[in-house]
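Trainee: Each residue of the sequence shown is one higher than the one before, counting from 1 in full-length UniProt numbering.
All C-beta atoms, glycine included, are put in the ideal place defined by N, C-alpha and C.
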Amino acid sequence: MEIELVDVQCKEQIESGSVANSADEVAEVTEGLARISAPTDGGETFYNPVQEFNRDLTVIVLRAFTAEREAKKEEQKPREGTASEPAAKQRKITGSNTARHPPASQQLLDGDGIHVLDALSASGLRAIRFALEVPNVERVLANDFSERAVEAIRRNVELNGVQDRVEAVFSDAIDLMMAHRKFGKRFHAVDLDPYGSASVFLDAAVQAVMDEGLLMVTCTDTAILCGNTAEACFNKYGSVPLRHKSCHELALRILLRAIDGHANRHKRYIVPLLSVSVDFYVRCFVRIRSGAAVAKDSVTKLAHMHCCATCQSLDFQPLLKKSVNGASVRFSNAHFQSDLIRLTEGQGTSRDGGLVATCAHCGGTAVHTGGPIWVAPTCDAELKCPKAGEAKLGTRERLEGLLTVLSEELHDVPLFYEHDQLMNVVKCPAPKMSTFRSALLNAGYRCSISHCNPRAIKTDAPTTFLWDVCREWAKRNGIKPEGTAADTPRNRILVQNQLHYSSRMQSCWAAQAQQLETIGIVR
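Next up, the structure:
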């Protein structure tokens, strides 16, 4: 990324006509293959260099999307002498648009290139980069609700010579997407990158994307999504967040649930391709599909979550369960089952019979409830993103690192713990990350880090097993319970008997840690 200050009057090729603002200088920015002129007065069309990584990532994912689309076109291309020829001739006679709702496969084959909407374009940089750096892009609409921004987009489009592919549009983003919600007008890809929350645009966006199309959403209100103001998060996204070490992944799962909820209202559903939480924002890339029957399954991908405020233990409660008996499919309310919540005698009211809900691990009396959140995978393991080093991307090293971590992450495991956080509850020095993970891997559980947090323990092991690991490590370090008189969370955890830990695991712990470090699985 390069920035150069130039005089407007001395560089007429930047402008087409009169200057749209009174600034004497503009910043000519080079990012990727695009160049734009952005005013230096901090106006509506300012250039945000921090979002270069966001734009580079979007280019990479959109390239993967177009490559997959081209591969499907080759697979579905009719061969000579097949039964598709009479059907094609019949469509030519009767008209090609007689069907009201052609299948999704035909939608993907219509036209040679893809149509993309940059709904909140500002300077038009993102739209111009799509046209220059993504193959098979036929048309990009760069929309903004500011006349000054639209004028800047037109100048930047001419500066890059992409007038034949990028069109500047002055319109309200919601109105524009609703105008393209009908079949035949939908976009292959829609990009939402607002200042703040994208919640108000989601309902229109899920309707403006064609079947098998791509919806790209950025939200920068991470303070709300991470639980600072739970009531505001519920109003915007329909979920209640909890304060937890994994709050940034929680923000991703809240956003995915919100997008899918809007899609379900129109008998559509989402398939997440890539979801990341970086810097000050969350970014989700989801595929939009139609199908009333499959859309009903979305509720099985959601769950409420319970979190102990003392030891941070997590538990999830599904909303509905699905039963399949031959051709019969039935949904019913899920039974309440929790390994976290336990009823004990205490200072309860007469209404609850003197019982109080406590944490089954540490005995804490504050167990918070949040959600619903998306508990299905947040990324598609089969997504083949092109290597960032093959393109002229300013953040290619960071992109390669992120994509590598994402390829190793357990996306089907919701949320995570920090191993030093668990050890802090029992007041014990934390082991090495590799040592803690080796205990999980030797027991047959999966384990990974998270792109949100390098200290994360993301595993499908039950929470009871994690606390067994903590008890064993405390025992190996001479940490003992403080006696029955000390009624503390630390003591309540240490005095419990181990449920899972085996002698075989103890003997393999150190050897496995050394092996993992040698082959590079654990970093």
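1) DSSP has Glu397 in a bridge; who is on the other side?
2) What's the C-alpha gap between Arg268 and Met216?
3) In the DSSP assignment, the alpha helix (DSSP H) including His248 goes from what residue to what residue?
4) With H, G and I counted as helix, E and B as strand and the rest as coil, what does DSSP make of Val116?
5) Taking the alpha-carbon of Ala295 as reference, which of Ile224, Lys322, Ala309 and Pro489 has the nearest alpha-carbon?
6) Would you call Gly261 buried or exposed, if buried means 16 or more other Cβ atoms sit within 10 Å of its Cβ?
7) What are the boundary residues of the beta strand (DSSP E) that residue 555 is part of?
8) Quick test of the definition: if touching needs 3 or more C-beta pairs under 8 angstroms, does the region 477–497 touch the region 434–448?
9) Is Asn442 helix, strand or coil by DSSP?
10) Find the nearest neighbour of Leu250 within the set Pro414, Ala430 and Thr488, judged by alpha-carbon distance.
11) Assuming Ser313 and His368 make a contact with CB atoms under 8 angstroms, what is their CB distance in whole Å?
12) Find out if the Cβ-Cβ distance for the pair Leu62, Ala208 is shorter than 8 angstroms.
13) Given a cut-off of 8 angstroms, decide if Ala303 and Val375 are closer than it, judged by their beta-carbon atoms.
14) Identify the residues that DSSP records as bridge partners of Val286: which are they?
15) What are the partner residues of residue 582, as DSSP defines its beta bridges?
16) Go to Arg148, then tell me how far its alpha helix (DSSP H) extends in each direction, as first and last residue.
17) Quick one: using the 10 Å Cβ neighbour count with 16 as the cut-off for buried, is Asp221 buried or exposed?
18) Are Cys379 and Ser275 closer than 8 angstroms when you measure CB to CB?
19) In angstroms with no decimal places, state the Cα-to-Cα distance between Lys301 and Ala366.
20) I'd like the span of the alpha helix (DSSP H) that includes Glu68, first residue to last.
21) Here's the rule I'm using: 16 or more other beta-carbon atoms within 10 Å means buried, otherwise exposed. How should Ser37 be labelled?
22) I'd like the list of long-range same chain contacts for Arg490, defined as Cβ closer than 6 angstroms, with 5 residues on each side in sequence excluded.
23) Apart from the five residues on each side of it in sequence, which residues of its chain come closer than 8 angstroms, Cβ to Cβ, to Asn136?
24) So, for Ala179: in the same chain, excluding its five sequence neighbours on each side, which residues have a beta-carbon less than 6 angstroms away from its beta-carbon?
25) Apart from the five residues just before and just after Gly394, which ones in its own chain have a Cβ nearer than 8 angstroms to its Cβ?
26) On a Cα-Cα basis, can you pick out the residue from Gly213, Arg253 and Arg243 that is closest to residue 592?
27) Rounded to the nearest angstrom, how far is the Cβ of Gly370 from that of Pro241, given a contact under 8 angstroms?
28) So which of Arg289, Glu74 and Thr310 has the shortest CA-CA distance to Gln421?
29) Tell me Phe187's beta-bridge partners as DSSP assigns them.
30) Buried or exposed: which applies to Val190, given that a residue is buried once 16 or more other Cβ atoms fall within 10 Å of its Cβ?
31) May I ask which residues mark the beginning and end of the alpha helix (DSSP H) holding Arg315?
32) Indicate the three-state DSSP secondary structure (helix, strand or coil) for Ala122 in the structure shown.
33) DSSP state of Cys470, grouped into three classes?
34) From the DSSP output, which residues share a beta bridge with Thr358?
35) Can you tell me where the alpha helix (DSSP H) holding Asn491 begins and where it ends?
36) How close, in whole Å, do the beta carbons of Asp203 and Leu120 come, if the pair is a contact with beta carbons under 8 angstroms?
Mentor: Let's see:
1) Here residue 397 refers to the residue found at position 397 of the sequence shown. Answer is none; Glu397 lacks a bridge partner.
2) Residue numbering aside, residue 268 sits at position 268 when the sequence shown is read from its first letter. Residue numbering aside, residue 216 sits at position 216 when the sequence shown is read from its first letter. Computed Cα separation, rounded: 16 angstroms.
3) Taking the first residue of the sequence shown as 1, we reach residue 248 at position 248. It spans Cys247 to Asn264 - the alpha helix (DSSP H) in which His248 sits, taken as one unbroken run.
4) What you label residue 116 is simply residue 116 of the sequence shown in a count that begins at 1. Note: Val116 maps to strand in three-state DSSP.
5) On the sequence shown, residue 295 is found 295 positions in, with the first residue counted as 1. Measuring from the Cα of Ala295, the nearest candidate turns out to be Lys322.
6) Walking along the sequence shown from the start, residue 261 turns up at place 261. With at least 16 other beta carbons inside 10 angstroms of its own, Gly261 counts as buried.
7) Outside the shown range of the chain, which is 1 to 523, sits residue 555, and nothing can be said about it.
8) no
9) If you number the sequence shown from 1, residue 442 lands on position 442. Residue state, collapsed to three classes: helix.
10) Indexing the sequence shown from 1 puts residue 250 at position 250. Checking every option, the nearest Cα to that of Leu250 belongs to Pro414.
11) The count along the sequence shown starts at 1 and reaches residue 313 at position 313. The count along the sequence shown starts at 1 and reaches residue 368 at position 368. That belief does not hold up - the Cβ atoms of Ser313 and His368 are roughly 11 angstroms apart, past 8 angstroms.
12) Translated into positions along the sequence shown, residue 62 becomes position 62. Translated into positions along the sequence shown, residue 208 becomes position 208. Not a contact, by the Cβ cut-off of 8 angstroms.
13) By one-based count along the sequence shown, residue 375 stands at place 375. By one-based count along the sequence shown, residue 303 stands at place 303. Result yes, Cβ atoms of Val375 and Ala303 sit closer than 8 angstroms.
14) Position 286 of the sequence shown, counted from the first residue, corresponds to residue 286. In the DSSP output, where bridge partners are listed per residue, Val286 has Leu215 and Pro272.
15) The structure shown has nothing for residue 582, since the chain only spans 1 to 523.
16) On the sequence shown, residue 148 is found 148 positions in, with the first residue counted as 1. Looking at the DSSP string, the run of the alpha helix (DSSP H) that includes Arg148 is Glu147 to Asn160.
17) On the sequence shown, residue 221 is found 221 positions in, with the first residue counted as 1. Answer is buried; the Cβ neighbour count reaches 16.
18) As a working note, residue 379 is residue 379 in the sequence shown. As a working note, residue 275 is residue 275 in the sequence shown. Yes.
19) As a position in the sequence shown, residue 301 is number 301, starting the count at 1. As a position in the sequence shown, residue 366 is number 366, starting the count at 1. Using only the alpha carbons, I get a separation of about 27 angstroms.
20) Locating residue 68 in the sequence shown gives position 68, where the first residue counts as 1. Segment Glu52 to Gln76, the alpha helix (DSSP H) holding Glu68.
21) As a first step, residue 37 is located in the sequence shown; it is residue number 37 there, counting from the start. By the neighbour-count criterion, in which a residue is buried when 16 or more other Cβ atoms sit within 10 angstroms of its Cβ, Ser37 is buried.
22) Indexing the sequence shown from 1 puts residue 490 at position 490. So the qualifying residues of the chain are Val426 and Lys427.
23) Counting from 1 along the sequence shown, the entry for residue 136 is found at position 136. Counting only Cβ-Cβ distances below 8 angstroms, and skipping sequence neighbours, we find Thr66, Arg69, Glu70, Asp112, Gly113 and Ile114.
24) Looking up residue 179 in the sequence shown gives position 179. Once the five neighbours on either side are set aside, Ala179 has no close Cβ partner at all.
25) Along the sequence shown, one-based indexing puts residue 394 at 394. If we look at Gly394 and ignore the five residues flanking it on each side, its Cβ neighbours are Met1, Glu31, Gly32, Glu52 and Asp56.
26) The structure shown does not extend to residue 592, since the chain is modelled only from 1 through 523, so no value can be given for it.
27) Reading the sequence shown from its first residue, position 370 is the one you call residue 370. Reading the sequence shown from its first residue, position 241 is the one you call residue 241. Taking a contact as a CB-CB distance under 8 angstroms, the pair Gly370 and Pro241 counts as one, their CB atoms being some 6 angstroms apart.
28) Position 421 of the sequence shown holds residue 421. Here the closest residue by C-alpha is Thr310.
29) For the purposes of this step, residue 187 is taken as the residue at position 187 of the sequence shown. Looking at the DSSP assignment, Phe187 forms a beta bridge with Val209.
30) Here residue 190 refers to the residue found at position 190 of the sequence shown. Label assigned to Val190: buried.
31) The count along the sequence shown starts at 1 and reaches residue 315 at position 315. Looking at the sequence shown, residue 315 is not Arg but Asp. No alpha helix (DSSP H) holds Asp315; the beta strand (DSSP E) holding it covers Leu314 to Pro318.
32) Taking the first residue of the sequence shown as position 1, residue 122 is located at position 122. Note: Ala122 maps to coil in three-state DSSP.
33) To locate residue 470, count along the sequence shown from 1; it is residue 470. DSSP places Cys470 in helix when its eight states are reduced to three.
34) Counting from 1 along the sequence shown, the entry for residue 358 is found at position 358. According to DSSP, Thr358 bridges with Arg342.
35) Here residue 491 corresponds to residue number 491 of the sequence shown, with the count starting at 1. Looking at the DSSP string, the run of the alpha helix (DSSP H) that includes Asn491 is Pro489 to Leu494.
36) Here the question's residue 203 lines up with position 203 in the sequence shown. Here the question's residue 120 lines up with position 120 in the sequence shown. Between Leu120 and Asp203 the Cβ distance is about 16 angstroms, and since that is not below 8 angstroms, they are no contact.
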